[in-house]
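Accompanying notes for the structure given below.
There are 2 protein chains.
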Amino acid sequence: MMKKKETKRPVILVTNDDGIMAPGIRHLIKLMRTIGDVVVVAPDKPQSGMGHAITISTPLRFEKVVIDHEDIEYSCSGTPVDCVKIAVSKILFGKPDLLVSGINHGSNASINVIYSGTMSAAVEGAIENIPSIGFSILDYRFDADFHPADEHILSIARKVLLKGVPEKTCLNVNIPIEKKIKGVKICRQAHAYWADDYEMREDPHHKNYYWLTGEFIDDDKGKDTDQWALNKGYISIVPVQYDFTAHHAITNLKHLEE
Amino acid sequence: MMKKKETKRPVILVTNDDGIMAPGIRHLIKLMRTIGDVVVVAPDKPQSGMGHAITISTPLRFEKVVIDHEDIEYSCSGTPVDCVKIAVSKILFGKPDLLVSGINHGSNASINVIYSGTMSAAVEGAIENIPSIGFSILDYRFDADFHPADEHILSIARKVLLKGVPEKTCLNVNIPIEKKIKGVKICRQAHAYWADDYEMREDPHHKNYYWLTGEFIDDDKGKDTDQWALNKGYISIVPVQYDFTAHHAITNLKHLEE
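See the structure below:
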């Protein structure tokens, strides 16, 4: 476990993928302000579905912004992962005590973690050895009600500040839509997937264009998954790692060696 | 293992992240044409560093293009992952027998896999249960010489067509810059990372902008890593999985349950 001493107020870096003006990040900033000194570095526009994208072919920009006159805030032209990298390298000139990303408007449970900009920011934090948490609520609406999760979010953040997270991991926290949340469960990622589809439309110039749609299919029967916990009204926490090696498969592939 | 019967010529979907006109994909198409019926669905512009990004806030477009008069080819406005999704859903109307992505101009070994559009296309293939391989060469140059790897690339692709890949994995194949390649090694991803930096410049309007730079640090001493194999002149193959759960960490986090 990476441990942090609490000798003074911790520095908390806040980012997201819905953009710096999204209600989810504004709520998370307010909560984090009660337990630390907040620095916000977040995308200047929505960056949902950006996964672990980074900006390499164009330059990045960031600028100081004043939104609610309380914290140090920067809006950045890049992706959520860019925000973390540039925050550490050129804004904080070092690592924060905690990185929180979100609160995402929409689930990042199960397979959604791989497409999520919110979670990729937390994963980038883990890569950089920063205790990192991504928060998401299962509500896509702009006026989602985040309040029922307040005490849980603060409790998780406080515990991570005290005890850190297991080495080379970050936490994927998903919040059910409940007036009264039942509790918090540590889970594995459900083996669910998206059955993709595209809706075709015709533009005024008679050319076709396609909107990604699809159906979320969860056929994982386990009672230890994030989807199970969320369906039962619990907050799910999945520890997330970033070694993509399928270690169990290495011996099955020796026929490819030459 | 997912097995495929070879009763007729297999359908091979080819994509990449450097864009449909990049020499790497043109070379891969030529190779694949010798062992199957090729369908190309690739980005209409460079999409390096896009990770597992998908396009959800804007619609997608794709159109048939004729480049060297040999294969069925479509250029797509989206990311590499979009290309795979729309190929299966709206172009092939089903799954190909093999998906190959690349040949990427530049390494996707070690931690690079997480940022790579080339590899994310292969991972998306794995998610969709398609035998999938990403190929990359450790040479960023436009005129990289791909020929020394030809026989190895074909051999790997043929073996995957015959025997498939382990369930819920795809292959991350990296090719060293060598006139004579020593062989092929099955590896794990090295625990290496980028020490990020940004180069600041001033635009003509006296505003700062930042280019991502940085140094690749490999302090993994293992002799079973992709970096080790590549440094020794071997092609590295890492089986890649997409369950991000840090299973080993679940029991260490029970203090977060409520």
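If you read the protein sequences in the order shown, they are chains A and B. Heads up: the first sequence runs through residues 65 to 322, numbered per the working numbering. Heads up: the second sequence runs through residues 65 to 322, numbered per the working numbering. Even glycine gets a Cβ: it sits at the ideal position worked out from N, Cα and C. Values in this document were obtained by computation on a predicted structure and should not be read as measured data.
Counting along the chain, no alpha helix (DSSP H) covers C251 of chain B, and no H or E run does either. Taking the Cα positions, C251 of chain A is about 33 Å away from D108 of chain A. In this structure, the beta-carbon distance from F199 of chain B to I239 of chain B falls below 8 Å. If you draw a straight line from the Cα of T122 of chain A to the Cα of R90 of chain B, it is about 25 Å long.
Counting other Cβ atoms within 10 Å of its Cβ, A259 of chain B stays below 16 and is therefore classed as exposed. D283 of chain A places its beta carbon 8 Å or farther from that of Q291 of chain A. Contact between the region 140-148 of chain A and the region 296-314 of chain B is absent, with fewer than three C-beta pairs closer than 8 Å. For a cut-off of 8 Å, the C-beta gap from S196 of chain A to T182 of chain A is around 11 Å, too long to register as a contact. Put simply, the CB of W292 of chain B is far from chain A, with every gap to its CB atoms at 8 Å or more. The beta carbon of I155 of chain A does not come within 8 Å of any beta carbon belonging to chain B, so the residue lies off that interface. From the beta-carbon of H116 of chain B, the residues of chain A found nearer than 7 Å are G115, H116, I178 and Y179.
The beta carbon of A310 of chain B falls within 8 Å of a beta carbon belonging to chain A, placing the residue at that interface.
Residue contact check for N316 of chain A against chain B: a CB pair falls below 8 Å. Looking at the backbone, the Cα of P230 of chain A and that of L320 of chain A are separated by about 34 Å. The closest CA to that of D135 of chain A, considering only A:L124, A:I84 and A:G158, is found on A:I84. With the rule of 3 Cβ pairs closer than 8 Å, the region 92-111 of chain B counts as touching the region 152-170 of chain B. In the three-state reduction of the DSSP assignment, I301 of chain A falls in the strand class, which pools E and B.
Taking 8 Å as the cut-off, the Cβ atoms of H169 of chain A and D82 of chain A count as close. When the Cα atoms are used, P74 of chain B and V177 of chain A turn out to be separated by approximately 32 Å. Secondary structure in the region 152-228 of chain B: the beta strand (DSSP E) runs of 3 residues or longer, each lying completely within the stretch, are 162-169 and 196-201 in chain order.
Residues of chain A with a Cβ closer than 8 Å to the Cβ of H270 of chain B do not exist, since the nearest Cβ in that chain sits about 13 Å away.
Contacts with chain B at 8 Å (Cβ-Cβ) include L276 of chain A. Scanning the region 105-137 of chain B for uninterrupted beta strand (DSSP E) segments of 3 residues or longer gives 126-129, listed from N- to C-terminal end. Under a criterion of Cβ atoms nearer than 8 Å, the residues of chain A adjacent to P123 of chain B are, in order, R265, Y273, Y274 and W275. Secondary structure at M96 of chain B: helix, using DSSP grouped into helix, strand and coil.
At a cut-off of 8 Å between C-beta atoms, R252 of chain B counts as an interface residue with respect to chain A. With respect to chain A, the C-beta atom of I301 of chain B has a partner C-beta closer than 8 Å. Classified as buried, N172 of chain B has 16 or more neighbouring CB atoms from the shown chains inside 10 Å of its CB. Below the 7 Å Cβ cutoff, chain B contributes I178 as neighbours of Y306 of chain A, in chain order. In chain order, D284 place their CB closer than 6 Å to the CB of H255 of chain B, counting only its own chain and leaving out the 5 sequence neighbours on each side. In summary, the residues of the region 133-150 of chain B whose CB is separated from some CB of chain A by less than 7 Å are K149 and I150, in the order they occur in the chain. Annotation: the continuous alpha helix (DSSP H) that includes N295 of chain B extends over D290 to N295. Per DSSP, D282 of chain A lies in no alpha helix (DSSP H) segment; the continuous beta strand (DSSP E) that holds it begins and ends at N272 to D282. The shortest CA-to-CA distance from V304 of chain A to any of A:M264, A:Q253, A:T277 and A:L163 is the one to A:Q253.
Note on geometry: alpha-carbon atoms of L163 of chain A and A190 of chain A lie some 9 Å from one another.
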